[in-house]
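K.L.:
Dropping a structure here in structure tokens format, bear with me for questions.
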Amino acid sequence: MGKRILIVDDAAFMRMMIKDILTKNGYEVVGEAQDGQEAVDKYNDLKPDLVTMDITMPEMDGITALKQIRQVNPDAKIIMCSAMGQQAMVIDAIQAGAKDFIVKPFQADRVIEAIQKALN
């Protein structure tokens, strides 16, 4: 059964790339959000199995959104996405409860590996 995933990134192109990787591998993309506040709202509405969350976004960054989602659901499975050179933010995200992180530009096999690991 395909797992339900919410994709969060302020760049439409990045959302499209990750959606393409996920759908080709049998995952169902149940929603997309372009900032942290929209991510929190959609998480509560859609109850996805997993979220891919960009770190740097307008309105609310990914780490703040991660913390808010985990207040609602401590078992939420969230994988952070970051560009190169954001190691300090990645450490913050892992400490805040992120399951893993993937680096942009996305490598399809790394995305799938991180998602399978987080879901198991």
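With the working numbering applied, the sequence shown covers 928 to 1047. From the three backbone atoms N, C-alpha and C, an ideal C-beta is built for every residue, glycine too.
#1: Taking the alpha carbon of residue 998 as the reference point, which residue from 1025, 1008, 1030 and 1015 has its own alpha carbon closest?
#2: Taking residue 990 as the reference, which of 1016, 960, 931 and 955 has the closest Cα?
#3: Among 981, 954, 1019 and 955, which residue has its Cα nearest to the Cα of residue 966?
#4: Evaluate residue 1044 with the Cβ neighbour count: other Cβ atoms within 10 Å of its Cβ, from every protein chain shown; 16 or more gives buried, anything less gives exposed.
#5: In terms of residue numbering, what span does the beta strand (DSSP E) encompassing residue 1028 cover?
#6: Sorted by chain position, which residues of the same chain lie with C-beta nearer than 7 angstroms to residue 987's C-beta, five sequence neighbours on each side aside?
#7: From the DSSP output, which residues share a beta bridge with residue 955?
#8: Exposed or buried, residue 979, counting other C-beta atoms within 10 Å across all chains shown (16 or more means buried)?
#9: What is the rounded straight-line gap between the Cα of residue 995 and the Cα of residue 977?
#10: For the beta strand (DSSP E) containing residue 991, list its first residue and its last residue.
#11: Can you list, in chain order, the residues of its chain with a C-beta nearer than 6 angstroms to that of residue 931? Leave out the 5 residues immediately preceding and following it.
P.N.:
Here's the rundown:
#1: 1025
#2: 1016
#3: 981
#4: exposed
#5: 1027-1030
#6: 962, 963 and 964
#7: 931
#8: buried
#9: 15 angstroms
#10: Careful: residue 991 lies outside any beta strand (DSSP E), inside the alpha helix (DSSP H) at 989-999.
#11: 955, 957, 975 and 976
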